[in-house]
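Visitor:
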Ligand code: SF4
Ligand code: SF4
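Chains as they are written, first to last, in this note's numbering: chain A, 2 to 355; chain B, 995 to 1102.
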């Protein structure tokens, strides 16, 4: 990677991210895939950094997965989105932050479509009024939750207890960053650092002490691809995409992967199991996989949260090798204990993946 | 091993750093016109043998450029040297002669 060149590209793509006062919307799938990520985001921003992040139980899905799977038309998803924006206005906010990259991409697409076709915007505003009696509004600033963690990365670094550094060797950890395709591939100007080499996760890795790995298939899709996964007959495409990425990053010996999308950590994590069980191949050290994290989980680890409170026991690829490298203490006996010590039960062990 | 009902498809990636490209350079020296091919496919479309056997000068040239020699020779196995492809090639390549040259360089 020619670092000076990347810095120039990054400088061309800077977006304005307000410091505070956001209306927050969750992702429908992250809650089950990586259950503590959003709670950690809210805890860090609200309680540790003292920001005003408002959330209402009345918000819904953005409709993105149904839209990208051709199950609902664009106007339906636009009306759902108009309702979310209207709720933001109703509660007195004008900055909108969403947890999901699919949503973020769809919000960008919707706002651009409305800008180009004002008559369509009017139609959606009418639909919204007829169906919900809510007043149409658009956010002044639209950001993704990873943009906010990027913005606060130095404040998080200042409060950090651990660094992305191998405690035994003193070397920075070798980190693969993977950006969700819908973050900036569709609208490069909406992402920090553009589409080719987004800076959003790189900035976090640098601030927290890690080293970024540049590898040939760095910008390749994680393999989710909506219909590629949702239809079983197509899943070979999905896992082949992921396989291609892992084959490409393997020679660079990554210690971990950080992602900013709901689908990417899921597929990069779970498909390592499928690749191990179908190909007999693992990509980490000593039969382990490469642990995959959301950016909130990494922020939580750096700030000293208990790994099991971050939900890391729900990952397919075991995270312990990375915790050991970072020198983070954890109690193996508590791995599968839920709230108040409730036994969550042990998952079955894979044959090939440790 | 578990059967999930789907699996990783074999990669179609070609690593040009690891294939034999010297033979293609030798072919281009013997038959410089091979570099003029624009992959229009007129040769394959007019080929009588291709009705019965997978035969294609166009695909054979591409395969040789990618170092897939076996595949290329397979694509010329059915050739009966009729020369129809030479008559239709818009680049004026003597494809019939080219096929002979390919056999000279790559044939076993
Ligand atoms: S010379 Fe061979 S390749 Fe060309 S048209 Fe005839 S049979 Fe086909
Ligand atoms: S007709 Fe000539 S130019 Fe066209 S593909 Fe065949 S050899 Fe190439």
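We put the beta carbon where it would ideally sit given N, CA and C, even for glycine.
#1: Tell me which residue opens and which closes the alpha helix (DSSP H) that residue 143 of chain A is part of.
#2: Under three-state DSSP, which class holds residue 1087 of chain B?
#3: Taking 8 angstroms as the cut-off, does the segment 128-143 of chain A touch the segment 95-108 of chain A (at least 3 CB pairs, one atom from each stretch)?
#4: Looking at residue 243 of chain A: is its Cβ nearer than 8 angstroms to the Cβ of residue 268 of chain A?
#5: Could you tell me whether the segment 256-276 of chain A touches the segment 314-325 of chain A, where touching means 3 or more Cβ pairs closer than 8 angstroms?
#6: Beta-carbon within less than 7 angstroms of residue 251 of chain A's beta-carbon, same chain only, minus the 5 sequence neighbours each way: which residues are those?
#7: To the nearest angstrom, report how far apart residue 105 of chain A and residue 45 of chain A are at their CA atoms.
#8: Taking the alpha carbon of residue 155 of chain A as the reference point, which residue from A:225, A:204, A:47 and A:35 has its own alpha carbon closest?
#9: Quick one, are the C-beta atoms of residue 137 of chain A and residue 94 of chain A less than 8 angstroms apart?
#10: State yes or no: is the C-beta of residue 331 of chain A within less than 8 angstroms of the C-beta of residue 324 of chain A?
#11: For the segment 117-126 of chain A and the segment 285-299 of chain A, state whether three or more C-beta atom pairs, one from each stretch, are separated by less than 8 angstroms.
#12: What do you reckon, is the C-beta of residue 992 of chain B under 7 angstroms from a heavy atom of ligand 1?
#13: Would you mind reading off the limits of the alpha helix (DSSP H) that contains residue 253 of chain A?
#14: Mind the definition here: the segment 1070-1083 of chain B touches the segment 1034-1048 of chain B only if three or more C-beta pairs lie below 8 angstroms; say whether that holds.
#15: Could you check if residue 1074 of chain B belongs to the surroundings of ligand 2, using beta carbon to heavy atom distance under 7 angstroms?
#16: Would you tell me roughly how many angstroms separate the C-alpha atoms of residue 1103 of chain B and residue 198 of chain A, rounded to the nearest one?
#17: Kindly list the residues whose CB is nearer than 6 angstroms to the CB of residue 200 of chain A, restricted to its own chain and excluding five residues on each side of it in sequence; keep chain order.
#18: One question on the structure: do residue 206 of chain A and residue 259 of chain A come within less than 8 angstroms of each other, judged by their Cβ atoms?
#19: Can we count residue 1093 of chain B as close to ligand 1, meaning its CB is less than 7 angstroms from some heavy atom?
#20: Quick test of your reading: residue 150 of chain A and residue 40 of chain A, contact by CB under 8 angstroms. State the CB separation rounded to the nearest angstrom.
#21: Check whether the Cβ atoms of residue 1073 of chain B and residue 1049 of chain B sit closer than 8 angstroms, and answer yes or no.
#22: Might you give, ordered along the chain, the residues of its own chain that have their beta carbon closer than 6 angstroms to the beta carbon of residue 225 of chain A, omitting 5 neighbours on each side?
#23: Using three-state DSSP, classify residue 176 of chain A as helix, strand or coil.
#24: I'd like to know if residue 996 of chain B contacts chain A, where contact means its C-beta is closer than 8 angstroms to some C-beta of that chain.
#25: Looking at the structure shown, is residue 166 of chain A part of a helix, part of a strand, or coil, going by DSSP?
#26: Does the Cβ of residue 1100 of chain B have 16 or more other Cβ atoms within 10 Å, making it buried, or fewer, making it exposed?
#27: Near residue 295 of chain A, what residues of its chain come up, given a Cβ to Cβ distance below 8 angstroms and the 5 sequence neighbours on each side ignored?
#28: With 8 angstroms as the threshold, decide whether the Cβ of residue 992 of chain B is near any Cβ in chain A.
#29: By DSSP, does residue 275 of chain A sit in helix, in strand, or in coil?
Guide: On the basis of the supplied data:
#1: Per DSSP, residue 143 of chain A belongs to no alpha helix (DSSP H); it is in the beta strand (DSSP E), 142-145.
#2: Coil, per DSSP.
#3: yes
#4: yes
#5: yes
#6: Result list for residue 251 of chain A: 284, in chain order.
#7: 21 angstroms
#8: A:204
#9: Taking a C-beta distance under 8 angstroms as the contact criterion, residue 137 of chain A and residue 94 of chain A do not qualify as a contact pair.
#10: yes
#11: no
#12: Absent from the model: residue 992 of chain B. The displayed extent of chain B is 995 to 1102, so no value can be given.
#13: For residue 253 of chain A, no alpha helix (DSSP H) run applies, since DSSP gives it neither H nor E.
#14: yes
#15: no
#16: The structure shown has nothing for residue 1103 of chain B, since chain B only spans 995 to 1102.
#17: Closer than 6 angstroms at the Cβ level, and outside the excluded window around residue 200 of chain A, lie 11, 193 and 194.
#18: A distance below 8 angstroms separates the beta carbons of residue 206 of chain A and residue 259 of chain A.
#19: yes
#20: Residue 150 of chain A to residue 40 of chain A, Cβ: 14 angstroms. No contact.
#21: yes
#22: 264 and 268
#23: strand
#24: yes
#25: strand
#26: buried
#27: 31, 35, 38, 259, 260, 261 and 266
#28: Absent from the model: residue 992 of chain B. The displayed extent of chain B is 995 to 1102, so no value can be given.
#29: The DSSP-derived three-state label of residue 275 of chain A is helix.
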